[in-house]
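Student:
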């Protein structure tokens with residue numbers, strides 16, 4: 173029986189492959205699921221609530237009032253890089269402003285972390301491939317979380333907006349990472365199918 177390779181590469185696939193090839197195999201070949209940590213559950217809940225026109229959650233409505241507005245939420249984006257199909261979902265997208273918005277929960281984000289976060293490069297590359305121009309604005313919005321004594325994770329209500337300037341050098345670097353990773357993943361599937 174032949175094992176079929178996923179026909180596209182997402183940021184999560186790329187980052188998983190680079191971080192832990194065994195985990196990639198478990199998730200993307202065997203189809204296992206990541207354990208649902210409190211932080212993952214909260215992040216998913218926030219994304220789902222922000223997609224709704226109105227949320228019953230006061231904190232989500234607070235964020236909606238004070239965070240940058242989005243023309244589209246959870247915008248599917250696809251592009252092709254020299255035969256590699258790319259797929260991603262922008263948390264927020266303002267095409268009229270050439271703006272990509274990524275929303276993160278978590279305990280700590282800094283400008284240095286944002287500047288090194290490859291997901292923003294990946295998303296900017298798809299934008300460049302699609303529209304033949306760099307996005308004018310790439311924002312990472314951090315919704316700060318903390319953990320209580322029971323280990324439950326909650327939103328504090330604090331947020332910070334980080335701006336990232338994407339350059340052609342960033343586009344070239346992420347393109348090389350993608351092509352190299354795709355080649356390695358393809359070789360793994362070829363080996364599995366021998």
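In my numbering, the protein residues as written are 173 to 366. We put the CB at the ideal spot given by N, CA and C, even for glycine.
As an exercise, report each continuous alpha helix (DSSP H) stretch of at least 4 residues that is fully enclosed by the segment 291-343, in chain order.
Tutor: Correct list: empty.
Student: Can you tell me which of 258, 197 and 299 puts its alpha carbon nearest to the alpha carbon of residue 183?
Tutor: Here residue 183 refers to the residue found at position 11 of the chain shown. Checking every option, the nearest Cα to that of residue 183 belongs to 258.
Student: Is the CB-CB distance between residue 334 and residue 312 below 7 angstroms?
Tutor: Counted from its first residue, the chain shown places residue 334 at position 162. Counted from its first residue, the chain shown places residue 312 at position 140. A Cβ-Cβ contact shorter than 7 angstroms links residue 334 with residue 312.
Student: Which same chain residues end up closer than 6 angstroms to residue 215 when comparing Cβ atoms and leaving out the 5 residues on each side of it in sequence?
Tutor: On the chain shown, position 43 is the one that residue 215 refers to. Counting only Cβ-Cβ distances below 6 angstroms, and skipping sequence neighbours, we find 277.
Student: Over what stretch of residues does the beta strand (DSSP E) that includes residue 216 continue unbroken?
Tutor: Against the chain shown, residue 216 aligns to sequence position 44. Note, residue 216: premise wrong, no beta strand (DSSP E); alpha helix (DSSP H) at 210-223.
Student: Residues in the same chain with beta-carbon distance under 8 angstroms from residue 181, minus the five sequence neighbours each way, listed in chain order, please.
Tutor: Working through the chain shown from its first residue, we reach residue 181 at position 9. Closer than 8 angstroms at the Cβ level, and outside the excluded window around residue 181, lie 256, 257, 258, 259, 350, 353, 354 and 357.
Student: Would you kindly check if the distance between the Cβ of residue 328 and the Cβ of residue 319 is under 7 angstroms?
Tutor: By 1-based counting over the chain shown, the position of residue 319 is 147. By 1-based counting over the chain shown, the position of residue 328 is 156. Not closer than 7 angstroms, so no.
Student: Report the CB separation of residue 267 from residue 243 in whole angstroms; it is logged as a contact under 8 angstroms.
Tutor: As a first step, residue 267 must be located in the chain shown, where it is residue number 95. As a first step, residue 243 must be located in the chain shown, where it is residue number 71. Rounded, the Cβ-Cβ distance is 6 angstroms, consistent with contact.
Student: Return the chain-ordered list of same chain residues with a C-beta closer than 8 angstroms to the C-beta of residue 233, the five sequence neighbours on each side being excluded.
Tutor: For the purposes of this step, residue 233 is taken as residue 61 along the chain shown, with counting starting at 1. Cβ neighbours of residue 233 within its own chain (closer than 8 angstroms, five residues either side excluded): 226 and 227.
Student: Taking the beta strand (DSSP E) that residue 250 belongs to, which residues open and close that run?
Tutor: Stepping through the chain shown from its first residue, residue 250 is reached at position 78. Run containing residue 250: 244-253, per the beta strand (DSSP E) assignment.
Student: Count the other CB atoms, across all protein chains shown, that sit within 10 Å of the CB of residue 279; report buried if there are 16 or more and exposed otherwise.
Tutor: Counted from its first residue, the chain shown places residue 279 at position 107. With fewer than 16 Cβ atoms within 10 Å of its Cβ, residue 279 is classed as exposed.
Student: Assign residue 263 to one of three DSSP states: helix, strand, or coil.
Tutor: Within the chain shown, residue 263 is the residue found at index 91, counting from 1. Three-state result, residue 263: strand.
Student: Would you list the one or two residues that DSSP bridges to residue 280?
Tutor: On the chain shown, residue 280 is found 108 positions in, with the first residue counted as 1. BP columns for residue 280 are empty, so no partner.
Student: Can you check which of these residues, 238, 240, 197 and 261, is closest to residue 247 by C-alpha distance?
Tutor: If you number the chain shown from 1, residue 247 lands on position 75. Nearest of 238, 240, 197 and 261 to residue 247, Cα basis: 261.
Student: Under the rule that 16 or more other beta-carbon atoms within 10 Å means buried, what is residue 298, buried or exposed?
Tutor: On the chain shown, position 126 is the one that residue 298 refers to. That one is buried.
Student: For residue 256, which three-state DSSP category applies?
Tutor: Taking the chain shown and counting its residues from 1, one reaches residue 256 at position 84. Strand, per DSSP.
Student: So if DSSP puts residue 175 in a beta bridge, which residue, or which two residues, is it bridged to?
Tutor: Within the chain shown, numbered from 1, the residue matching residue 175 stands at position 3. Note: residue 175 sits in no beta bridge, so no partner.
Student: Run the CB neighbour count on residue 185, radius 10 Å, all protein chains shown included, and call it buried at 16 or more, exposed below.
Tutor: Position 13 of the chain shown, counted from the start, is the residue given in the question as residue 185. By the neighbour-count rule (16 or more Cβ atoms within 10 Å), residue 185 is buried.
Student: Let's see if you can read the secondary structure: which residues bound the alpha helix (DSSP H) around residue 230?
Tutor: Counting from one through the chain shown, the residue named residue 230 turns up at place 58. First-last of the alpha helix (DSSP H) with residue 230: 230-238.
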